[in-house]
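> First the structure, then my questions, so here it is.
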Amino acid sequence: MQSTGDVSGSSPSAVDHKLAMQEDEFHKLADETIHDLLEKLEEYGDSIQMDGFDIEYGNQVLTLRLGDLGTYVINKQTPNKQIWLSSPVSGPSRFDWDATANGWIYKRTGVNLVRLLEKEIGRLLSSSPGAHHPGAGQARAWPRSASSSRW
């Protein structure tokens with residue numbers, strides 16, 4: 001006879017939110033995050049001058065081109081309930097929604113998707129002589145958005 005009790009040894013805090021999350025909730029959270037990123041990147045792009053800076057969003061894929069510095073690709077992976085990131089700095093990463101952290105977290109490192117992008121893009125652009133804010137002589141810091149708790 002098989003036991004019906006929890007034999008995995010996992011505690012309630014180790015709940016896999018991916019399994020508990022309904023697909024419509026995943027779409028809502030992922031779409032909000034990607035659209036918030038799109039708005040933030042467009043705002044940032046409007047504030048700097050950089051050859052090759054381009055943002056595209058289509059077919060649920062957000063692409064940020066930073067000229068010679070590389071390209072970021074961010075997209076939803078519905079079957080896995082994840083957001084995937086391809087970064088010219090850190091490579092590929094898969095982010096899961098963490099309700100406790102109220103954000104998309106890469107389980108291997110514990111890093112938040114938005115914080116990782118802020119850090120990497122900020123460093124790339126601040127070290128690039130081709131990216132600058134008019135009148136400031138260097139890349140401007142990412143704008144903070146008060147409208148989203150994930151920023």
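In terms of UniProt numbering, the sequence shown opens at residue 1 and continues consecutively. Beta carbons are placed, not taken as given, at the ideal position from N, Cα and C, and that holds for glycine.
DSSP three-state call for I34: helix, strand or coil?
In this structure, I34 counts as helix in the three-state DSSP scheme.
> Just reading off the beta strand (DSSP E) that K76 is part of, what are its end residues?
T71 to Q77
> By how many angstroms is the C-alpha of L64 removed from the C-alpha of V73?
6 angstroms
> At a cut of 8 angstroms, does the region 88-98 reach the region 107-119 through at least three beta carbon pairs?
yes
> Over what stretch of residues does the beta strand (DSSP E) that includes R65 continue unbroken?
V61 to L66
> Tell me the residue span of the alpha helix (DSSP H) that contains residue 154.
In the structure as shown, the chain begins at 1 and stops at 151. Residue 154 is therefore absent and cannot be evaluated.
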